[in-house]
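Going down the list, the protein sequences come from chains A and B.
Under UniProt numbering, the residues of the first sequence are numbered 1 to 149, in order.
Under UniProt numbering, the residues of the second sequence are numbered 1 to 149, in order.
Using N, Cα and C, we set each Cβ at its ideal position, and we do this for glycine too.
For clarity, every value in this text was computed on a predicted model and none was experimentally measured.
Number of protein chains: 2
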Amino acid sequence: MKIDGIDKIIIKRLVKDARTPILSIAREVGISGAAIHQRLKKLEKSKLIDGYKMVINPRSLGYTTTAFVGIFLDSSSLYSSAIKRLKDIPEIVESHYTTGNYAVFIKILCKNNEDLMHLLNKDIQNIKGVSRTETFISLDQQISRQISI
Amino acid sequence: MKIDGIDKIIIKRLVKDARTPILSIAREVGISGAAIHQRLKKLEKSKLIDGYKMVINPRSLGYTTTAFVGIFLDSSSLYSSAIKRLKDIPEIVESHYTTGNYAVFIKILCKNNEDLMHLLNKDIQNIKGVSRTETFISLDQQISRQISI
DNA sequence: AGTGAAATTCGTTTACA
DNA sequence: TGTAAACGAATTTCACT
């Protein structure tokens, strides 16, 4: 799969705004809408494009706190059952099985510190196999982007 | 800002596929396209909607490794200059200033372990003020989602 | 908040360079 | 890969409820 300059323009425009009309991109690059359409279908088929998503602003819903939580498990065999429970906690937006100190590493959004404490002490600590957690609260996010193309 | 059931359907559909035609949503909920259009503009103005993004699949570009890196800084006064340097490393997709052990916490995508080592030992360790790093490599990601509405 | 209609703009297909 | 033409579909605006 080779990507040329036109493909890059298509991708850059749609990464910025996925609802940009194809014809508007066509006018920018100076080829027909049908050609852009064709290229886009090819990019989608190649799996380079994973989809198009509306982005929700968590802040507007009161979710002002981002935190990362490292979770220690008593045994790695408890991983899949723990994941099942973690999936039921909607504030958890990412979950990884990681090398290093922790077994499970999650990213979590909370409305405030009280909610975070509740999530840690009740929802997460009560999961079978969870022995201990370590929390890193994000005070400032300076980078948020996708891999560059 | 109050969100009713119709708004939720609009959001759910567009979170799943941002290029879903408004008229297709209109047909699903049984009101006119103009009404959906109106609601959508209102949601966008309310800042609940942060935008629409094409999602790139990093794997298709060879980025098969996700890692989290905690960075220790000699002094917190070096934060802003360090961030400037981190922004120049395209593999870094998130950067946070965090409470806890680390000063800076990043999420990074790499093609392989060699690239990761190079990024850690050359690009990151050479940044002024960086004393030490701790790396957690993601072996398995089970949750990847947005905050629920 | 919603409607229906009108005007404009898009997406998609097709036949052809 | 690309184009131009054609057509159905979608977006957007507006006067009215």
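Short CB-CB distance (under 8 Å) between residue i and chain B
i        : result
A:Ile146 : In the sequence as displayed, the identity of residue 146 of chain A is Gln instead of Ile. Yes, its Cβ sits closer than 8 Å to a Cβ of chain B.
A:Pro21  : no
A:Val69  : no
A:Phe105 : yes
A:Leu78  : no
A:Ser81  : no
Buried versus exposed, by CB contacts within 10 Å (16 or more), residue i
i                      : result
B:Arg13                : buried
B:Met54                : buried
A:Ala35                : exposed
A:Ser95                : buried
A:Glu114               : exposed
residue 159 of chain B : This structure cannot speak to residue 159 of chain B, because chain B is shown only from 1 to 149.
B:Ile11                : buried
B:Ile149               : exposed
Which listed residue (the options) has its alpha carbon closest to that of residue i
i        : options                                   : result
B:Arg27  : B:Val15, B:Ile9, B:Ala18 and B:Asp17      : B:Ile9
B:Gly51  : A:Glu94, A:Ala18, A:Leu78 and A:Asp4      : A:Ala18
A:Gln141 : A:Gly129, A:Ile89, A:Phe68 and A:Asp88    : A:Phe68
A:Ser46  : A:Thr133, A:Ile3, A:Phe105 and A:Gly100   : A:Ile3
B:Lys84  : B:Asn57, B:Ile124 and B:Ile49             : B:Ile124
B:Gly62  : B:Met117, B:Asn121, B:Leu139 and B:Asn112 : B:Asn112
B:Thr98  : A:Gln146, A:Ser138 and A:Ile22            : A:Ser138
A:Ile6   : A:Glu94, A:Val15, A:Ile31 and A:Glu44     : A:Ile31
A:Gln146 : B:Lys42, B:Glu44, B:Ser24 and B:Thr66     : B:Thr66
A:Ile89  : A:Ser144, A:Gly33, A:Ile49 and A:Leu109   : A:Leu109
A:Phe136 : B:Ser60, B:Ser24 and B:Ala103             : B:Ala103
B:Leu40  : A:Ile56, A:Leu48, A:Val93 and A:Thr64     : A:Ile56
B:Asn101 : B:Glu134, B:Lys107 and B:Val93            : B:Glu134
A:Ile22  : A:Gly33, A:Gly70, A:Lys16 and A:Val15     : A:Gly33
A:Arg59  : B:Pro58, B:Met117 and B:Ile49             : B:Ile49
Minimum Cβ-Cβ distance from residue i to chain A less than 8 Å
i        : result
B:Glu28  : no
B:Tyr37  : Before going on, a small fix: residue 37 of chain B reads as His here, not Tyr. No, no contact with chain A.
B:Ser131 : no
B:Glu114 : no
B:Leu119 : no
B:Leu73  : no
B:Gly33  : no
B:Lys122 : no
Three-state class that DSSP yields for residue i in the structure shown
i                      : result
A:Gln141               : strand
B:Gly33                : helix
B:Asp50                : strand
B:Ala103               : coil
B:Ile83                : helix
A:Arg132               : strand
residue 150 of chain B : A question about residue 150 of chain B goes unanswered here, because the residues of chain B that appear run from 1 up to 149.
residue 180 of chain B : Outside the shown range of chain B (1 to 149) lies residue 180 of chain B, about which nothing can therefore be said.
A:Gly5                 : helix
Residue i: CB within 7 Å of a non-hydrogen atom of the ligand SAM
i        : result
A:Lys128 : Looking at this structure, you won't find the ligand SAM or any other ligand, since it has none at all.
message: Using 8 Å as the cut-off, can you tell me whether the stretch 68-86 of chain A makes contact with the stretch 122-129 of chain B, which would need three or more C-beta pairs spanning the two stretches below that distance?
response: no
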